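*Asks:* My numbering applies: residue 1 is where the sequence shown begins, and numbers increase by one. Just so you know, even glycine gets a beta-carbon here, dropped at the ideal spot from N, CA and C. Remember, predicted model here, so these are calculated numbers, not experimental data.
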Amino acid sequence: MGNIPLPKGSTILIDTNFFLDLFSHKENYKGFFDTALENEVVFVSCDFVRCEFVRTKEKSKLIDKNNLFIEIVGTPLPMDKQISELIIPTLEQYAQEIEGVELTDIILGCFLKRYQRLYLLTRNHKDFPTRIFERSHIFSIEHGRDVKTYALYQYRTKEKEVEAEVMPF
Numbered sequence: 001m002g003n004i005p006l007p008k009g010s011t012i013l014i015d016t017n018f019f020l021d022l023f024s025h026k027e028n029y030k031g032f033f034d035t036a037l038e039n040e041v042v043f044v045s046c047d048f049v050r051c052e053f054v055r056t057k058e059k060s061k062l063i064d065k066n067n068l069f070i071e072i073v074g075t076p077l078p079m080d081k082q083i084s085e086l087i088i089p090t091l092e093q094y095a096q097e098i099e100g101v102e103l104t105d106i107i108l109g110c111f112l113k114r115y116q117r118l119y120l121l122t123r124n125h126k127d128f129p130t131r132i133f134e135r136s137h138i139f140s141i142e143h144g145r146d147v148k149t150y151a152l153y154q155y156r157t158k159e160k161e162v163e164a165e166v167m168p169f
């Protein structure tokens, strides 16, 4: 797994895919959580993520997933008026890149805009465009024959401009 670059004293918002990976391969995440503890990282999430994560047909698995969510997060971040007011501006900001982006990811983007020191932990790299969100602290966790690549994202206070390519003629 190697060195996991988690910012010291940071607050990290966890996306659904991380919880799903953790639930199915807890043993692979010990090093990650050791690093988080050493760096005094606080984990948060929201009820949209909880709903996506715990959703299952089996009651016992639902309870196990919910217990894991609570163990990692404790109390979810509230969906307050300021978050709600950021939905339309966030959708406008996504513009052409909105296709295929789930509602939960839009809400996570709103949380990043509302709390600008907050980091998002996800392996869903396509739904957080780098002209809107800064991608940093990229790391991988092995899953047997697979490797999951995660990154931390933060909201860019000034949208990154896409430079036009200069034609050589």
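Taking the alpha-carbon of Y119 as reference, which of T104, I107, D127 and R135 has the nearest alpha-carbon?
*Replies:* Looking up residue 119 in the sequence shown gives position 119. The residue with the shortest Cα to Cα distance from Y119 is R135.
*Asks:* Counting beta carbon pairs with one atom in the segment 79-95 and one in the segment 15-24, are three or more of them shorter than 8 Å?
*Replies:* The segment 15-24, when compared against the segment 79-95, does not touch it at the 8 Å Cβ threshold.
*Asks:* Alpha carbon to alpha carbon, how far is I132 from A95? Give it in angstroms, no decimals.
*Replies:* Mapped onto the sequence shown, residue 95 falls at position 95. Mapped onto the sequence shown, residue 132 falls at position 132. Cα-Cα distance, rounded: 11 Å.
*Asks:* In whole angstroms, what separates the C-alpha of T56 from that of F23?
*Replies:* For the purposes of this step, residue 56 is taken as residue 56 along the sequence shown, with counting starting at 1. For the purposes of this step, residue 23 is taken as residue 23 along the sequence shown, with counting starting at 1. Each residue's alpha carbon lies about 13 Å from the other.
*Asks:* Determine the burial state of D154: buried for a count of at least 16 other Cβ atoms within 10 Å of its Cβ, exposed for fewer.
*Replies:* Mapped onto the sequence shown, residue 154 falls at position 154. A quick correction: the sequence has Gln, not Asp, at residue 154. The residue in question, Q154, is buried, as its Cβ has 16 or more Cβ neighbours within 10 Å.
*Asks:* Using three-state DSSP, classify T122 as helix, strand or coil.
*Replies:* As a first step, residue 122 must be located in the sequence shown, where it is residue number 122. When secondary structure is reduced to three states using DSSP, T122 falls in the strand class.
*Asks:* Find the nearest neighbour of T104 within the set L6, G144, E40 and S45, judged by alpha-carbon distance.
*Replies:* Sequence index remark: in the sequence shown, residue 104 carries index 104 (1-based). Looking from the CA of T104, the closest CA among L6, G144, E40 and S45 belongs to S45.
*Asks:* What residue ranges within the segment 67-132 form continuous alpha helix (DSSP H) runs of no fewer than 4 residues, ordered along the chain?
*Replies:* 81-85, 87-94 and 103-114
*Asks:* Which word fits S140, buried or exposed, when buried means at least 16 other C-beta atoms lie within 10 angstroms of its C-beta?
*Replies:* Along the sequence shown, one-based indexing puts residue 140 at 140. Burial call: exposed.
*Asks:* Strictly by DSSP, which residues pair up with C46?
*Replies:* Start at 1 with the first residue of the sequence shown, and residue 46 comes out as number 46. Answer is L77.
*Asks:* Alpha carbons only, please: which of I107, Y29, T11 and K61 is nearest the one belonging to D80?
*Replies:* Here residue 80 is taken as the residue at index 80 of the sequence shown, counted from 1. Out of I107, Y29, T11 and K61, I107 has the C-alpha closest to the C-alpha of D80.
*Asks:* Helix, strand or coil, according to DSSP, for K57 in the structure here?
*Replies:* In the sequence shown, residue 57 corresponds to position 57, counting from 1. Correct three-state label for K57: coil.
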